[in-house]
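Read in order, the letters of the sequence shown correspond to residues 1 to 339 in the working numbering.
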Amino acid sequence: MREVRSIATIASHSALQILRGAKSEGFKTIVLCPRDRVSLYSRFLNFIDDIVLIDGMGDVCSDEAIRRLNEEDAVIVPHGSFVEYIGVEGLERLDVPIFGNRRLMIWEADQFLKMRMLERSGVKVPRVFRSPEEVDRLVIVKMHGAKGGRGYFLARSPEEVISKCKSLGISPDECIIQEFVIGTPMYFQYFNSVVMKRLELLGCDIRYESDVDGLRRVPVPYADSLSEPTFTVVGNIPLVVRESLLVKVFEYGEGFVRAAEELVPPGVIGPFCLEGVCRSDLEIVIFEFSGRIVAGTNLYINGSPYSWLYFDEPMSMGRRIAREIRMAEEHGMLDKVLT
Ligand code: AMP
């Protein structure tokens, strides 16, 4: 591909931010939109040029959608809903250039591969228990393929892990059993610029999760009548971290960039996020990564306290992606940022 005229994405997750940023950088913008979401996206025709109707979120791979996108010299910017709706195989088949390394999403979608990548990055990770019998503390059990906190449960003993798996009709072998780290959640939003050869930190956030965050509103005498807390993400809250922690935050980000280069060449292109908990001894323990834009960046559609350290203009993650595509085009490096 020699020229990019349009930036496209599907109508979900961080689409508004991505398309707003693409428009600021002078691209035509296209949203691939199921009929029931047109009412939302058509409110923003000030920066959305084209609404391409699709039958459902997974329909982006249809011949018609692909033809439209290629006609417009479009690049797709993938976000969290891509893996969920199109699936890893769909993404592999999608015959339109996408920004970023599409193979990284295979690693993101698999709990075991995900932990392997984090271990290779050299970041501190929670202890993983190979079998329920080893469990000797509070653990969080994540089903293979579960996402966004759905399908997780807590347990304190081997018996509890086994009985809860049984009641869910799954085998413990299908799950990852992880130490539940006590501390404050922190999610670090990075951008790895292939064109500028630098790692940027563009923002931090905290996920707002129902019901685990809502539990603090329940007076203690009533708390033990509650059932299993859930970790379903319902929103995001902004965060700046103690400045001294940034040394570690950059080390972690660079470790991840190196690991991705080794395990999934050419490595991470553009946005990614490391997700963890900061303990009271100020150790940051990472339990998750996302190899693409995360929804927490929606907080910073007009720039963040961190993006101001790099740019004298409002720079959202969506706009940063469009800027990278523009710079790659100018330097003849599109093949380095698109896969
Ligand atoms: P994840 O889908 O892995 O990002 O996890 C969803 C949520 O579960 C996180 O945002 C945390 O609130 C919680 N969580 C996941 N893993 C751990 C862990 N090892 N220790 C503490 N909290 C965790």
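Glycine included, every Cβ here is placed at the ideal spot set by N, Cα and C.
If you're wondering where the values come from, they're calculated on a predicted model, not measured in any experiment.
Looking from the CA of I177, the closest CA among H144, G87, V218 and V337 belongs to H144.
Out of F153, P219, R137 and P78, the CA that lies nearest to the CA of F231 is found in F153. If you draw a straight line from the Cα of G87 to the Cα of L94, it is about 11 Å long. Comparing alpha-carbon positions, the option among V96, G332, G80 and L69 lying closest to L104 turns out to be G80. A distance criterion of 7 Å places the beta-carbon of R207 in contact range of the ligand AMP, judged by its closest non-hydrogen atom. Under a 10 Å Cβ-count criterion, F47 is classified as exposed, with fewer than 16 other Cβ atoms of the shown protein chains found around its own Cβ.
Y306 sits in coil when the DSSP states are folded into three classes, being neither helix nor strand. For F231, the distance from the CB to the nearest heavy atom of the ligand AMP is below 7 Å. Around the beta carbon of E71, a 10 Å sphere encloses fewer than 16 other beta carbons of the protein chains shown; the residue is thus reported as exposed. Here DSSP, grouped into helix, strand and coil, assigns D335 to helix. A distance of 8 Å or more separates the beta carbons of Y187 and V83. Listed in chain order, the non-local C-beta contacts of N298 below 8 Å within the same chain comprise S14, L16, Q17 and N236, local neighbours out to five positions each way being set aside. Contact between the region 253–264 and the region 106–122 is established, with three or more Cβ pairs separated by less than 8 Å. In the three-state reduction of the DSSP assignment, V83 falls in the helix class. Counting along the chain, the unbroken alpha helix (DSSP H) around P221 starts and ends at V220 to A223. A155 and G332 have their C-alpha atoms some 53 Å from each other. Going by C-alpha positions, S163 is about 18 Å away from L226.
In summary, K114 is buried, with 16 or more beta-carbon neighbours lying within 10 Å of its beta-carbon over all protein chains present.
Apart from sequence neighbours up to five positions away, the residues of its chain that approach I269 with a beta-carbon distance below 6 Å are G100, N101, V194 and V337, ordered along the chain.
DSSP, reduced to helix, strand and coil, places V249 within a helical segment of the structure shown.
Counted as a single uninterrupted DSSP element, the beta strand (DSSP E) harbouring S290 occupies residues I284 to S290. Counting only the Cα atoms, V249 lies some 29 Å from I76. A distance of 8 Å or more separates the beta carbons of M317 and Q111. Judged by their CB atoms, D50 and I30 are nearer to each other than the 8 Å cut-off.
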